[in-house]
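Residue numbers (our numbering): 84 to 370. All C-beta atoms in this analysis are idealised placements derived from N, C-alpha and C, irrespective of residue type, glycine included.
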Amino acid sequence: MNTICALCGTPLTATDMSVGKNKLADGGYLCAVCFTKAVTINRDLIHNLDQFYFAEITGMILKSKIDASQSTGESQYAQNNHYEYDAPTRLDEIKDQIVALNARLSVLANEEVNELANVLDRDERLLAIAEGIDLQTNREGIIFSTQKRVAFIDKKFLGGVVKNEFSLQDISSIDHLENLLYSILKINTYRGDAQFKLHNKNDGRAFSNVKNRSTNYPDNELRRDSSPLQAFSQTIPDLVQENVYSTDKGDSGAIFEQLEKLGKLREIGVLTEAEFAEQKKKLLDKL
């Protein structure tokens, strides 16, 4: 009976049998072709093939095929395909703009920042943003400016958004008065004015330059809308509309809403107990 190669089953020639170096530890033999293939994978097999069993040799060959397949597949993918990344969302773009402005916003402003994705038009870009209080309503939120408007928003704890905005066409000037710990931002319009207390005293400087960067409109166009100054008309579904100039609701109501918001932030782990207590004390001091 002819001896066959343990790997490919090819009958071995007399030359294959006489080489001696192609014998396996379990008594099998490799033909010249298979022996060359095994040696290509592991050069040490030239001298010690007789120390390896058939299963070990087949394992080496199989692993070599798998490695080669993976390497080829990765190379072809890199050459023929492009890696795809998720496109940045509108909110991502807005947050990048906030970072570029070096804005100093606390975690309490996170909900208002997220709301900007619904408030800003696609072509609007933030020119200034700050955290503060609308002194006419005592509501706390964020004040921002774009190339179109200056606006204040407060994301209410129980849903809805309170907004107040001023078109740059209506603004006659923007004044900024710095105190020791905070600053007052005053928006002067042709139909009234509004004041905001900014938590970081330097934040108002960026707003002061906004009017200078706006487009110059004819004087008659600036005054053509003589309707009373009022809250921004909401176009977003499920908004709880509210006139931010109304004083029907007492200041204590707005403060209690802020307390509820603080409690929620503490529950979800955004605020520590110490941070919660500090912010709570500030709000209660206003009552």
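Assigned exposure category for residue i - 16 Cβ within 10 Å defines buried
i, result
"Gln134", "exposed"
"Val182", "exposed"
"Ala360", "exposed"
"Asp237", "buried"
"Asp308", "Any reading at Asp308 must be qualified, since the residue scores a pLDDT of 43, below 50, and its modelled position is unreliable; no value is offered."
"Ala121", "buried"
Residue i, enclosing beta strand (DSSP E) - first and last residue
i, result
"Ile181", "Counting along the chain, Ile181 falls outside any beta strand (DSSP E), though it belongs to the alpha helix (DSSP H) covering 173–183."
"Ala360", "Note, Ala360: premise wrong, no beta strand (DSSP E); alpha helix (DSSP H) at 356–367."
"Ser189", "Unbroken run through Ser189: none, as it is neither H nor E."
"Glu223", "222–228"
Beta bridge counterpart(s) of residue i as assigned by DSSP
i, result
"His259", "Leu268"
"Phe279", "Asp217, Leu268"
"Lys106", "Tyr112"
"Phe249", "Val233"
"Ile87", "Pro94"
"Val244", "Lys238"
"Ile212", "Phe227"
Start-to-end residues for the alpha helix (DSSP H) that takes in residue i
i, result
"Ile129", "128–131"
"Gly287", "287–291"
"Asn197", "193–202"
Contacts around residue i, its chain only, beta-carbon distance under 8 angstroms, and the 5 residues preceding and following it disregarded
i, result
"Thr141", "Leu90"
"Asn150", "It should be pointed out that residue 150 corresponds to Asp in this sequence rather than to Asn. Excluding sequence neighbours, Asp150 sits near nothing in its chain."
"Tyr166", "Because Tyr166 carries a pLDDT of 48, less than 50, the predicted location of this residue cannot be relied on, and the following value inherits that uncertainty. Closer than 8 angstroms at Cβ, skipping near neighbours: no residue."
"Ile57", "Outside the modelled stretch of the chain, which goes from 84 to 370, sits residue 57, for which no answer is possible."
"Val293", "Leu210, Ala211, Ser228, Val233, Leu251, Ile257"
Neighbourhood of residue i by C-beta, 6 angstroms cutoff - its chain only, sequence neighbours within 5 removed
i, result
"Leu348", "Leu354"
"Glu358", "none"
"Leu188", "Glu214"
"Asp109", "Tyr136, Phe137"
"Pro311", "With a pLDDT of 39 at Pro311, under the threshold of 50, the modelled position of this residue cannot be trusted; read the value that follows with caution. Cβ within range, chain order: n/a, list empty."
"Ala192", "Glu214, Ile225"
Which listed residue (the options) has its alpha carbon closest to that of residue i
i, options, result
"Tyr273", "Ser256, Asn285, Asp109", "Ser256"
"Asp217", "Leu345, Ile177, Ala337", "Ala337"
"Phe279", "Ile267, Leu113, Glu343", "Ile267"
"Thr220", "Asp127, Asn247, Val190", "Asn247"
"Asp286", "Asn185, Asn131, Val244", "Asn185"
"Leu281", "Glu223, Asn271, Lys148, Leu367", "Glu223"
"Ile129", "Leu145, Leu260, Asn105, Lys148", "Asn105"
Cβ neighbours of residue i in the same chain (closer than 7 angstroms, five flanking residues each side left out)
i, result
"Cys88", "Leu95, Tyr112, Leu113, Cys114, Cys117"
"Ile50", "Only positions 84 to 370 of the chain appear in the structure, and residue 50 is not among them; the question remains open."
"Gln341", "Glu223, Leu366"
"Phe315", "Residue confidence for Phe315 is low, a pLDDT of 39 falling below 50, so the modelled location carries little weight and cannot support an answer."
Near the ligand MG: residue i beta-carbon under 7 angstroms from a heavy atom
i, result
"Lys148", "The model on display carries no ligand, and the ligand MG is accordingly not part of it."
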